[in-house]
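Taking full-length UniProt numbering, the leading residue of the sequence shown gets 1, the next gets one more, and so forth.
Virtual Cβ for every residue (Gly too), placed ideally from N, Cα, C.
Working notes, beginning with the structure itself.
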Amino acid sequence: MKHYTPYFSRGKQFAVLENMLDGSIYRGADALISLHNLTLLNNQYSKDQIWLENGPRDQLNSIQFGLAVHPRLYGDSLTRFTIYWTGDGYKRTGCYNTKCPGFVIVSRVPLIGTIFADTSVYGGNETVYTNPKVFQDGFSGNWILRIFDRVVGYWPKELFTHLNKGASLVRFGGNTFPSPDGFSPPMGNGYFPPHDFYKSSHFSKVKVKNSNYETIDFEKQRTRRYADSYQFID
């Protein structure tokens with residue numbers, strides 16, 4: 001079964017690590033994601049996130065969660081925790097955050113769409129992280145979102161026609177969308193990795209849950225790295 005790959009979506013750019021489509025099924029994913037501030041134009045966005053997907057292109061089921069700087073969505077250029085879902089290949093179902101029925105919030109603490117008060121400073125001595133994780137509950141089949149140890153909410157299994165069977169594709173990385181003049185915004189913190197990897201935007205402790213709900217290191221799976229552009233303008 002082929003999957004919808006977003007790399008060919010007009011204007012979007014990606015830099016990701018994802019599993020090879022070998023028939024494996026995954027029940028969740030999580031990572032530490034470093035937090036950074038960016039300044040973007042109104043029609044641009046920049047995301048660092050995790051994707052859980054299953055299904056062919058025209059029926060794609062996708063859960064996306066992580067960080068976004070998205071002026072058109074939020075009206076500012078601040079880094080916020082952001083989620084997205086679709087159950088039919090982006091045609092009629094799905095939305096950001098809770099802008100449509102779908103994601104069910106259970107936490108009394110508002111976390112979806114909230115601003116990260118603390119972020120990393122390039123060249124600083126301390127890196128600030130968030131730790132989002134999504135996993136499929138073995139009893140209900142719902143997909144549950146946790147941030148650190150707090151359950152935020154869940155996507156009911158009824159939203160999906162393929163993810164209810166688990167995820168066949170897990171992806172970690174960045175995604176940007178350019179302004180109308182064609183200039184893509186910075187991804188991550190806007191810096192390429194120097195000799196010290198941790199000075200750039202990065203994912204750490206990248207984990208997935210396999211079909212038996214065991215937590216394993218993602219890079220021990222069959223994976224591929226993809227970036228559709230290695231060029232930049234200074």
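In the DSSP assignment, Leu73 falls outside any beta strand (DSSP E) and within the unbroken alpha helix (DSSP H) covering Pro71 to Tyr74. For Asp48, the uninterrupted beta strand (DSSP E) segment begins and ends at Tyr45 to Asn54. Within 10 angstroms of the beta-carbon of Val121 lie fewer than 16 other beta-carbons, which makes it exposed. For Ile147, the enclosing beta strand (DSSP E) has its first and last residue at Trp143 to Ile147. Boundaries of the beta strand (DSSP E) harbouring Ala227: Thr223 to Ala227, taken from the DSSP string.
Counting C-beta pairs with one atom in each stretch, the segment 39-59 and the segment 105-117 have fewer than three that are closer than 8 Å, which means they do not touch.
When C-beta atoms of the segment 13-26 are compared with those of the segment 142-151, fewer than three pairs fall below 8 Å, so the two segments do not count as touching. DSSP places Thr215 in the uninterrupted beta strand (DSSP E) bounded by Thr215 to Asp217. Each of Lys91, Pro156, Ala167 and Arg80 was checked against the Cα of Pro110, and the nearest Cα belongs to Arg80. Separation of the CB atoms of Gly55 and Gln136 is rounded to 15 Å, and the pair is thereby denied contact status at 8 Å. No Cβ-Cβ contact shorter than 8 Å links Gln49 with His162. A straight line joining the alpha-carbon of Leu17 with that of Pro101 spans about 30 Å. Boundaries of the beta strand (DSSP E) harbouring Asn19: Gln13 to Asn19, taken from the DSSP string.
Spanning the alpha carbons of Glu219 and Phe203 requires a straight line of approximately 12 Å. According to the DSSP assignment, Val134 belongs to the beta strand (DSSP E) that extends over Pro132 to Gln136. DSSP, reduced to helix, strand and coil, places Asp30 within a strand of the structure shown. Nearest in C-alpha terms to Trp155, of all of Ile33, Ser34, Val134 and Gly75, is Val134. Counting other Cβ atoms within 10 Å of its Cβ, Glu214 stays below 16 and is therefore classed as exposed.
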